[in-house]
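Colleague:
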Amino acid sequence: MSYNIKVLPRRCVPFFDCGQVQPVPLMAYAAERGIEVGRRTVRDLILDIVMWEFGLALDHRLRHPLGLRLDMPTPELMASEACRLHGEETKCREVLALIYMCEELELLDDLQELEEKLAKEKQYAALQDAFAITAVSGEGQPTNHRTTATQALAQTFPGGYELVLTSSKDLLCGLEAIRASIWYQMPGLDVPSVSALQSLITTNTDPECPVVHGVTNNFFVDQLGLALYAWGKPLGLNLQLGCVFSDELPFLISTPGDSSSVLWIHTTAASFDLHDTINYYYYEGMRPTEPLDAPDRDTEHVPGPMQETHTTNNDVAQSCSPSPSAF
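In the numbering used here, the protein residues as written are 1 to 327.
1) What is the DSSP secondary structure of Pro187, reduced to helix, strand or coil?
2) How would you write the range of the beta strand (DSSP E) that Val244 sits in, first residue to last?
3) Within its chain, find whatever has a CB closer than 7 Å to the CB of Thr156; leave out the 5 residues flanking it on each side and keep chain order.
4) Determine the closest residue to Leu252 out of Lys233, Leu224, Asn218, Glu284, with distance taken between C-alpha atoms.
5) Which residue comes first and which comes last in the beta strand (DSSP E) that contains Val215?
6) Is Gln223 helix, strand or coil when you go by DSSP?
7) Give me the residue from Glu248, Leu237, Tyr283, Val244 with the minimum Cα distance to Pro256.
8) Thinking just about the alpha-carbon of each residue, which of Ser181, Pro187, Asn217 is nearest to the one in Ser195?
9) Compute the distance between the beta-carbons of Glu32 and Leu165, then report whether it is under 8 Å.
10) Pull up the distance between the alpha-carbon of Ala149 and that of Glu248, whole angstroms please.
11) Between the alpha carbons of Asp222 and Leu197, how many angstroms are there, rounded?
12) On a Cα-Cα basis, can you pick out the residue from Lys169, Ser254, Leu239, Phe219 that is closest to Ile201?
13) Count the other C-beta atoms from every protein chain shown that fall within 10 angstroms of the C-beta of Ser193, then say buried if there are 16 or more, exposed otherwise.
14) Indicate whether Gly232 and Leu153 have their beta-carbon atoms separated by less than 8 Å.
15) Could you tell me which residues DSSP pairs with Leu252 in its beta bridges?
16) Can you find the residues in the same chain that come closer than 8 Å, C-beta to C-beta, to Ile182, ignoring five residues on each side of it along the sequence?
17) Apply the 10 Å Cβ neighbour rule to Val215 and answer buried if 16 or more other Cβ atoms are within range, or exposed otherwise.
18) For the beta strand (DSSP E) holding Leu172, just list the boundary residues, first then last.
19) Quick check on the DSSP output: the beta strand (DSSP E) that includes Leu163 runs from which residue to which?
20) Roughly how many whole angstroms lie between the Cα atoms of Glu176 and Ser254?
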């Protein structure tokens, strides 16, 4: 059994043939376009074909005198429920998910912007693979990053957690979240100021830490991890930042050294443009959910505007189950 594929434009434009296109075998379609077949997976072949069509459309757009903007042609899959290519079984729904992902691509204003977008997507995919990759510990027991983060979260909050609202003034809520979490999760430590944490990021020269590239606010989570690590280092502490995303998936930021103490914050991505591009991250602190008979926490002296809490999570194990929209 084999895949058949046909590529149809989503819009009819002057330089596309919008007539009926008959489906052809996937491998033959790829070979006709000079795409190396070899022992490739279905996913790789589909991606190569999509990018071939995408590049062709881009060439036409750049040459067209009107400079028309058009969406990428949509590959339409004609396939059985499951099929085999070079011994690899691929479910039809898995390939369809890939096609839907490719449909989201659009032709950009220029080739440089396109290349930058593809480079970022490639880097994101590599991070996803590294995040989910399975490693073997010294004792030969399989572990992975998701399991480690979930276990660390459950260890910090065995009874669940609450989110601590933070101020988003000057887009420094990430630093406020760290301060709130230090207050509630590490009560024996003095809470640093926002300016002190911000300075640790903007003046960092440690080659083991992420490069900041002139960012002074609206920090990424790895930059917040740098602030926490740099703050704890002179105190003799190896602090590691853990982040719970809005889909309840926990993630640990890489930290130099073998053993570390984890401080948890929460983040939600926000979009403010027509293309749903993630422009801002809102961070909140996290604190343990106290038993009903426990005395109230002292919120009178919480440093900064961090007195309000919300969104109780009473079942950490259930809330941390992996989600398809992870990372």
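Every residue gets a Cβ at the ideal spot worked out from N, C-alpha and C, and that includes glycine.
Modeller: With the structure as the only source:
1) Of the three classes helix, strand and coil, the one that applies to Pro187 here is coil, per DSSP.
2) Counted as a single uninterrupted DSSP element, the beta strand (DSSP E) harbouring Val244 occupies residues 239–245.
3) Here Thr156 has Gln185, Val262, Trp264 as same chain residues with Cβ atoms under 7 Å from its own Cβ, once five neighbours each way along the sequence are excluded.
4) Nearest option by C-alpha distance: Leu224.
5) Note, Val215: premise wrong, no beta strand (DSSP E); not H, not E.
6) Gln223: helix per DSSP, three-state reduction.
7) Ranking the options by Cα distance to Pro256, first place goes to Leu237.
8) The shortest C-alpha separation from Ser195 is found at Asn217.
9) No, the pair does not count as a contact, with Cβ atoms beyond the cut-off.
10) Cα to Cα, Ala149 sits roughly 12 Å from Glu248.
11) Roughly 13 Å between the two C-alpha positions.
12) Nearest option by C-alpha distance: Phe219.
13) Exposed is the call here.
14) With respect to Leu153, Gly232 sits apart: the two C-beta atoms are not nearer than 8 Å.
15) Beta-bridge pairing links Leu252 to Gly242.
16) Within the same chain, Cβ atoms closer than 8 Å to the Cβ of Ile182 are found at Leu189, Val191, Pro192, Leu263, the five residues on either side in sequence being excluded.
17) Exposed.
18) No beta strand (DSSP E) contains Leu172, which DSSP labels as neither H nor E.
19) Start and end: 161–164.
20) A direct Cα-Cα distance of roughly 21 Å separates Glu176 from Ser254.
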